[in-house]
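Structure first, then comments.
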Amino acid sequence: MQIEILKSKIHCVHVTEANLNYVGSITIDQDLMDAVNILPYEKVQVVNKNNGERIETYAIPGQRGSGVVCLNGAAARKALPGDIVIIISYAMMDFEEARRFTPAVVFPDTATNHLK
């Protein structure tokens, strides 16, 4: 049996930009992506704590150390700069593997989006 389980979570970062004219996705500081093992173009869920919106898109790496969290394209309509979001990825795995798995979770500084 395969189940879907939390793989990675960036808990409570602020949106730095919303770029409606970009093709799509969410740009995330490469340091944050590395810290939770999110790969470029990996599917992620973005949960907006300010307005309750939940979207799925894919991650693209932003400048390392910049703190960038930018919703692009249609996703830019779902959050405003300054909104607090949670970025989540999931993985499919065998039930027994999932019992032993520990997700990667970080709690960045919400003012700067840098790792504490």
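First residue of the sequence shown? That's 44 in the numbering used here, and the numbers climb one at a time after it.
Using N, Cα and C, we set each Cβ at its ideal position, and we do this for glycine too.
Please read these numbers as outputs of a predicted model, since none were measured by experiment.
- Annotated as distal: glycine 108 and aspartate 137, with beta-carbon spacing of 8 Å or more.
- Straight across, the Cα-Cα distance linking proline 104 with threonine 155 is about 17 Å.
- Bounds of the alpha helix (DSSP H) holding glutamate 139 are 138 to 143.
- Pairing isoleucine 131 with leucine 63, the inter-Cα distance amounts to about 22 Å.
- Residue His157 holds the alpha-carbon nearest to the alpha-carbon of glycine 110 among Leu123, His157, Cys55.
- Rounded to whole angstroms, valine 66 and asparagine 91 show a C-alpha spacing of 21 Å.
- Valine 112 and glutamine 45 have their alpha carbons spaced roughly 32 Å apart.
- For alanine 102, the uninterrupted beta strand (DSSP E) segment begins and ends at 97 to 105.
- Lysine 159 counts as exposed, since fewer than 16 other beta carbons sit within 10 angstroms of its beta carbon.
- Within the model, the alpha-carbon separation for isoleucine 81 versus asparagine 93 is close to 24 Å.
- Within the same chain, and ignoring the five residues on either side of aspartate 152 in sequence, the residues whose Cβ sits closer than 6 Å to its Cβ are Lys159.
- By the Cβ-count criterion, lysine 86 is exposed, with fewer than 16 other Cβ atoms from all chains shown falling within 10 Å of its own Cβ.
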